Amino acid sequence: MALLKIVNLEKSYVNADGGRQLILSVPQFSLEAGGQMAIKGPSGCGKTTFLHLISGIVKPTSGSISVGDVRVDELGEAARDRFRALNIGYVFQSFHLMRDFSALENVELGMSFGAKVDRALAKSLLERVGLGDRIDYRASQLSVGQQQRVAVARALANRPKLVLADEPTGSLDERASDLVVSLLQELCRENGAALLLVSHEREIVDRFEQKVDFGKLNTALAVEGGVES
Ligand SMILES: Nc1ncnc2c1ncn2[C@@H]1O[C@H](COP(=O)(O)OP(=O)(O)OP(=O)(O)O)[C@@H](O)[C@H]1O
1 MALLKIVNLE KSYVNADGGR QLILSVPQFS LEAGGQMAIK GPSGCGKTTF LHLISGIVKP
61 TSGSISVGDV RVDELGEAAR DRFRALNIGY VFQSFHLMRD FSALENVELG MSFGAKVDRA
121 LAKSLLERVG LGDRIDYRAS QLSVGQQQRV AVARALANRP KLVLADEPTG SLDERASDLV
181 VSLLQELCRE NGAALLLVSH EREIVDRFEQ KVDFGKLNTA LAVEGGVES
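For the sequence shown, my numbering gives the first residue as 1, with consecutive numbering after it.
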């Protein structure tokens with residue numbers, strides 16, 4: 001059964017001369033519950049916008065986005081924020097951790113916008129990503145790879161149905177990248193969460209059985225003369 005279903009999704013922005021520019025047009029897209037998929041594509045092809053639309057950070061110009069039985073596109077801003085806090089885990093390229101908060105506090109922060117803070121779960125997630133001995137270190141005292149592992153733990157903290165990862169290995173060397181992607185895949189599998197990861201790195205995308213070229217998925221690129229990957 002599809003967890004994520006998208007039909008005729010479009011996003012346009014007003015450009016500098018006041019006209020509208022269509023930057024994303026995805027006729028059909030779906031991801032099954034617990035499924036794992038990588039989206040590849042070059043810089044500027046709309047990958048981040050796609051994840052922002054799915055998570056409700058940005059509202060579409062038209063079209064429908066269903067996550068489970070919720071129509072994300074029909075929710076107001078506050079409801080989308082609440083929906084995201086309860087249902088979506090997000091991993092960013094640049095982590096978005098609170099530098100002066102400990103690893104544990106950062107994971108708990110991922111819970112505080114959702115249902116409730118569960119310290120035992122936060123600790124077990126940090127142990128699961130290999131940071132059991134670093135839970136009281138501030139984010140600023142952790143290596144770049146360790147910070148991204150905290151971000152992975154935080155993304156699973158609210159027991160999401162769907163984890164979105166936006167270039168999660170962009171700041172990491174090869175060894176740390178491998179570890180972060182493996183942890184994301186394993187933790188999502190263990191928790192029954194679906195995983196949608198975007199990356200421009202072929203080695204990362206090739207680790208997924210399901211992969212999509214966003215240059216082909218986003219038909220606005222052809223209209224706007226955009227890049228092909
Ligand atoms: N708020 C906005 N206003 C106007 N244009 C925007 C806005 N946000 C994104 N865009 C445009 O949408 C296009 C897609 O941007 P997006 O960040 O989704 O691409 P991307 O594939 O994630 O790129 P990258 O890999 O470099 O992050 C770009 O041309 C960008 O300039």
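Built from N, CA and C at the ideal position, the CB exists for glycine as well. Keep in mind it's a predicted model, so treat the numbers as computed, not measured.
task = Say whether chain D places a C-beta atom closer than 9 Å to the C-beta of residue 120.
result = Absence of chain D from the displayed structure is noted, only one protein chain being present.
key: Residues surrounding ligand 1 [beta-carbon distance to nearest heavy atom under 5 Å]   = 13, 23, 43, 44, 45, 46, 47, 48 and 49
request  = Would you give the residue range spanned by the alpha helix (DSSP H) that residue 120 belongs to?
outcome  = 119-128
message = Within the continuous alpha helix (DSSP H) that includes residue 167, where are the two ends?
response = Run containing residue 167: none; DSSP gives neither H nor E here.
inquiry  = So, for residue 73: in the same chain, excluding its five sequence neighbours on each side, which residues have a beta-carbon less than 6 Å away from its beta-carbon?
reply    = 60, 64 and 65
ask   = For the stretch 32-90, which segments carrying the alpha helix (DSSP H) assignment without a break, of at least 4 residues, lie completely within its bounds, in sequence order?
value = 47-55 and 77-87
key: Proximity winner among 9, 8 and 23, relative to residue 15 (alpha-carbon distances)   = 23
request  = Let me know if residue 186 comes out buried or exposed under the rule of 16 or more other beta-carbons within 10 Å of its beta-carbon.
outcome  = exposed
query = For the alpha helix (DSSP H) that residue 201 lies in, which residues bound it at each end?
reply = Segment: none, residue 201 is in no alpha helix (DSSP H) and carries neither H nor E.
ask   = How far does the beta strand (DSSP E) with residue 12 in it reach, from first residue to last?
value = 2-14
query = Three-state secondary structure (DSSP) at residue 112?
reply = helix
Member of 79, 192, 30 and 131 whose CA lies at the smallest distance from the CA of residue 104 = 131
Residue 216: first and last residue of the uninterrupted beta strand (DSSP E) it sits in = Residue 216 -> not in any beta strand (DSSP E); alpha helix (DSSP H) instead, spanning 214-217.
ask   = What span of residues does the alpha helix (DSSP H) with residue 209 cover, start to end?
value = No alpha helix (DSSP H) contains residue 209, which DSSP labels as neither H nor E.
key: Own chain partners of residue 192 with C-beta closer than 6 Å, once the 5 adjacent residues on each side are dropped   = 34
query = Going by DSSP, which residues form a beta bridge with residue 94?
reply = BP columns for residue 94 are empty, so no partner.
message = Applying the 10 Å Cβ sphere with the 16-neighbour rule, what's the burial state of residue 52?
response = buried
ask   = Count the other CB atoms within 10 Å of the CB of residue 97; is the residue buried (16 or more) or exposed (fewer)?
value = buried
key: Residues bridged to residue 150 [DSSP beta-bridge criterion]   = Residue 150 is not bridged to any residue.
query = Under a Cβ-count criterion, where at least 16 other Cβ atoms within 10 Å of its own Cβ denotes burial, should residue 13 be classed as buried or exposed?
reply = exposed
message = Closest to residue 128 by C-alpha separation, out of 217, 156 and 203, would be which residue?
response = 156
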